[in-house]
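What follows is a set of notes on a single structure, which appears directly below.
There are 2 protein chains.
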Amino acid sequence: MSELSGKARDLDVADELGKVRAQFVLDDVVYLDGNSLGALPAHVPGRVEDIVRRQWGALRIRSWDESGWWSAPERIGDRIAPLVGAAAGQIVVGDSTSVNVFKAVVAAVRMARLEDTGRDEVVVDATTFPTDGYIAESAARLTGCTLRPVTPAEVPGVLGPRTAAVLLNHVDYRTGRLHDLPSLTAAIHEAGAYAVWDLCHSAGALPVGLDEYGVDLAVGCTYKYLNGGPGSPAYLYVRRELQDRFDSPLPGWNSHAEPFGMRTDYEPAPGAARGRVGTPDILSMLALEAALEVWDGVPIEAVRAKSLALTDFFLECVAAYVPEGRVESVTPVAHEERGSQIALRCADSGDVMERLIGRGVVGDFRRPDVLRFGFTPLYVGFADVERAARVLAEVLVP
Amino acid sequence: MSELSGKARDLDVADELGKVRAQFVLDDVVYLDGNSLGALPAHVPGRVEDIVRRQWGALRIRSWDESGWWSAPERIGDRIAPLVGAAAGQIVVGDSTSVNVFKAVVAAVRMARLEDTGRDEVVVDATTFPTDGYIAESAARLTGCTLRPVTPAEVPGVLGPRTAAVLLNHVDYRTGRLHDLPSLTAAIHEAGAYAVWDLCHSAGALPVGLDEYGVDLAVGCTYKYLNGGPGSPAYLYVRRELQDRFDSPLPGWNSHAEPFGMRTDYEPAPGAARGRVGTPDILSMLALEAALEVWDGVPIEAVRAKSLALTDFFLECVAAYVPEGRVESVTPVAHEERGSQIALRCADSGDVMERLIGRGVVGDFRRPDVLRFGFTPLYVGFADVERAARVLAEVLVP
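Here the protein sequences line up with chains C and B, keeping their order. Residue numbers for the first sequence follow full-length UniProt numbering, so the first one is 1 and each next one is one higher. Residue numbers for the second sequence follow full-length UniProt numbering, so the first one is 1 and each next one is one higher.
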């Protein structure tokens, strides 16, 4: 046994989250793509079967009340809340991340203009996952704003009296860089603007602190580190003090104060329900609810500690196994700037990822030249990390 | 055996769709609420189990290609297309009905303005399911239009050079009135405006003829007569000739011409995919796909014929069993004005519906005073209809 595989064994033995792994369906593959689609929690299929056979098949329409379908968006929002540092009553689950980005950015612009009608700029992270930019551009267009795409580092410099809203990603999907949410949020507030954070690549991997840092609005998906299943519904956070000012561009009947009143006049619901739109997709939503049970008794701080240990150890193994200069990490070394992934740049990365997958190490390829490895602390162990780096070295030297 | 129960038996014997019923999970309840939530097709639970255990659990991320997840929105759209009279390539599945109404109305206004920038009115059915009005109002507000809520009968009279888009329901959710899609669409086109139809209460119950009548845009849910499951994803139809002009207010990454190019500039996809937004909710979507298999070999014309026979027979039984004047049908008698439901008004309808449900006849109550009975021709038989009317008469005379 090599020195590093011995170290991996010791780290796995000491890992307080090691026992959570047994709650997931895994095989002999090293699955480092949980930042794209989280693995299946083992109890979910049985729960889905009950939802389909009993709740839909036998109870049918009665399940809207009796099986808690109607209240699922807020109930599951409250289950996600502690993972992102939010008190209950501020998160609602439903729709896709893109749709929630739209709600959040339009609502943020409207909030800013309640105080100052001259605010007409939407600042967006130009380096981020493209949908945020596309949707922010649409939100800007529909509200008569100008879009200012900049890097997160440039944000403080462009904020001013014209800034209405700023949409940022907490962790960059490609590089894995963790942006400084507390200081950026403070800078945005100092400029009198509203901060919208996209938590897709941070929720479930590290503490977010939405309430603590006064984030105004936030969105995120649930199929990465939250393991909700393919395309499981996203969520929207609206800070409690702003809920009465949340003026949704998608005021569907589910967001009405009296949804079954069938009133022709729209009166928005109080609280998190104001972020709802249409009928929630119950099968996907309740599968997510079941999946979230793996978090029972798992502190997000322990997840963060293990995540950093995993990515540190991966970098250590890569440095030991891979010839120097063959790959270059584009993920920051500093812990305070790192999410839960390592992105390695190499010339032939598309081919390299194919070979890796063929050898049982699953990450993904992100254009133009990035090998992306996501480390889900709930089910990835240190032996996985050592094996991934070892196989990477082997496929890099064919 | 009474005369009407004998007639019911004869009608069931002669029913060419009678054999479809065996494909659904039903019990001894008379389920007349399929216009709210369709019953469970019996093969769906097994398919969902495969989607969860094998596609998600075992194949994980590979399923986006190998299990056809990525192409599901257009593939399932093409499965719905013949049911609403659309050729392939014009329907995409995803998001809720409300979200699709928003896409369609904003896009319709933008299309109208490509030809005439002075068009600034959105006409909407004031009597319809409220979400359409709320969302149309938001679309009007965001595009600088005025909302004109009118009854469908008033529509021709308010159309003019300022009309940009008209949003109408094909069948009224409360009364079951079927509106004249061909002539209303023609009137809207004559005024130079764009027609958006909401098919929630007609798709799967009667022929719609989207292509034949030149409808511009249409939306619908899939959990009523299409039996897709609770909150299953909705769909959006964009007429082929308009697809290049479809300018979505929700241009998420899934609607990009090159979704994995991760480009910062937005270039809309050609065809139906332009109506996509974010990551599709795969569990709900593939459950719907499985549910649609019950339509194999079922012509929508046969469904319509049986639907009218069912509602006719229900009215006949109600007239025979219920004391005159105790209930009043608000559903039109004329076939060309009737959807697939009968709405009966009576003074104490909330209580009456509770008693009916307690006696195994499930319809629903719609405020303020309507007993709503939906007849899904795929699984409701004539004996069900006779029993429902008989039990209704019994609970009305306590």
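All C-beta atoms in this analysis are idealised placements derived from N, C-alpha and C, irrespective of residue type, glycine included.
| Check | Outcome |
| --- | --- |
| Going by the CB atoms, is the gap between arginine 79 of chain B and leucine 292 of chain B shorter than 7 Å? | yes |
| Rank B:Lys103, B:Arg345, B:Val208 and B:Ala22 by C-alpha distance to the C-alpha of alanine 272 of chain B and give the top, closest one. | B:Lys103 |
| Leucine 392 of chain C: which of C:Ser284, C:Glu328 and C:Val322 sits nearest, CA to CA? | C:Val322 |
| What three-state label does DSSP hand serine 96 of chain B in the structure shown? | coil |
| Thinking threonine 97 of chain B and alanine 234 of chain B are a contact (beta carbons under 8 Å), I'd like their distance in whole angstroms, please. | 4 Å |
| With DSSP as the reference, identify every bridge partner of asparagine 169 of chain B, one or two as the case may be. | B:Asp198 |
| With contact counted as at least three CB pairs below 8 Å, one residue from each stretch, are the segment 280-295 of chain B and the segment 350-360 of chain B in contact? | no |
| I want to verify the contact list: residues of chain C whose CB lies under 7 Å from the CB of phenylalanine 102 of chain B, in sequence order. | Leu250 |
| Between C:Pro41, C:Trp70, C:Arg62 and C:Met111, which lies nearest to glycine 57 of chain B when the distance is taken from Cα to Cα? | C:Pro41 |
| I need the DSSP call for phenylalanine 314 of chain C, collapsed to helix, strand or coil. | helix |
| Rounding to the nearest angstrom, what Cα-Cα distance links alanine 8 of chain B and glutamate 386 of chain B in this structure? | 7 Å |
| Tell me the DSSP secondary structure of proline 152 of chain B in three-state form. | helix |
| When you compare the segment 189-205 of chain C with the segment 356-366 of chain C, are there three or more beta-carbon pairs, one atom per stretch, that lie closer than 8 Å? | no |
| Could one say the Cβ of alanine 61 of chain C lies closer than 7 Å to chain B's Cβ atoms, at least one of them? | The sequence shown places isoleucine at residue 61 of chain C, rather than the alanine named in the question. It does: the Cβ of isoleucine 61 of chain C has a partner Cβ on chain B nearer than 7 Å. |
| Quick check: the segment 170-179 of chain B against the segment 330-350 of chain B, are at least 3 beta-carbon pairs closer than 8 Å? | yes |
| Got a sec: is the Cβ-Cβ distance from methionine 262 of chain C to anything in chain B below 7 Å? | yes |
| Are leucine 310 of chain B and phenylalanine 375 of chain B closer than 7 Å when you measure CB to CB? | yes |
| So proline 268 of chain B packs on serine 255 of chain B, CB below 8 Å; how close in whole Å? | 6 Å |
| What does threonine 146 of chain B pair with, by DSSP beta-bridge criteria? | B:Glu121 |
| Among C:Glu115, C:Gly18, C:Val105 and C:Phe246, whose alpha-carbon lies nearest the alpha-carbon of alanine 136 of chain C? | C:Val105 |
| Does DSSP put glycine 271 of chain B in a helix, in a strand, or in coil? | helix |
| Please confirm whether arginine 387 of chain B has its beta-carbon closer than 7 Å to some beta-carbon of chain C. | no |
| Taking the beta carbon of arginine 54 of chain C as the centre, do at least 16 other beta carbons fall within 10 Å, making it buried, or is it exposed? | exposed |
| To which residues of the same chain is glycine 85 of chain B closer than 7 Å at the C-beta, ignoring the five residues directly before and after it? | Pro207, Val208, Gly209, Leu210, Asp211 and Glu212 |
| If you follow the alpha helix (DSSP H) that leucine 11 of chain B is in, where does it begin and where does it stop? | 3-14 |
| Going by DSSP in three states, leucine 308 of chain C sits in which element: helix, strand or coil? | helix |
| For the 8 Å Cβ check, are there 3 or more pairs between the segment 255-264 of chain B and the segment 236-245 of chain B? | no |
| Are the segment 58-73 of chain C and the segment 44-51 of chain B touching, with three or more C-beta to C-beta distances below 8 Å? | no |
| For the putative contact between proline 152 of chain B and leucine 184 of chain B, defined by C-beta atoms under 8 Å, what is the C-beta separation to the nearest angstrom? | 7 Å |
| Measure how close the beta-carbons of glutamate 121 of chain B and arginine 62 of chain B come, nearest whole angstrom, since I'm counting them as under 8 Å. | Actually they are not in contact, since the Cβ atoms of glutamate 121 of chain B and arginine 62 of chain B sit about 50 Å apart, beyond 8 Å. |
| Does alanine 287 of chain C have its Cβ less than 7 Å from a Cβ in chain B? | yes |
| When the Cα atoms are used, what is the spatial distance from tyrosine 173 of chain C to arginine 338 of chain C? | 11 Å |
| Under three-state DSSP, which class holds proline 41 of chain C? | strand |
| Does any residue of chain C have a CB that is nearer than 7 Å to the CB of arginine 367 of chain B? | yes |
| Residues in its own chain within less than 6 Å of leucine 226 of chain C by CB, not counting five upstream and five downstream? | Gly204 |
| Checking 7 Å against the spacing of the C-beta atoms, do glycine 231 of chain C and proline 259 of chain B come in under that value? | no |
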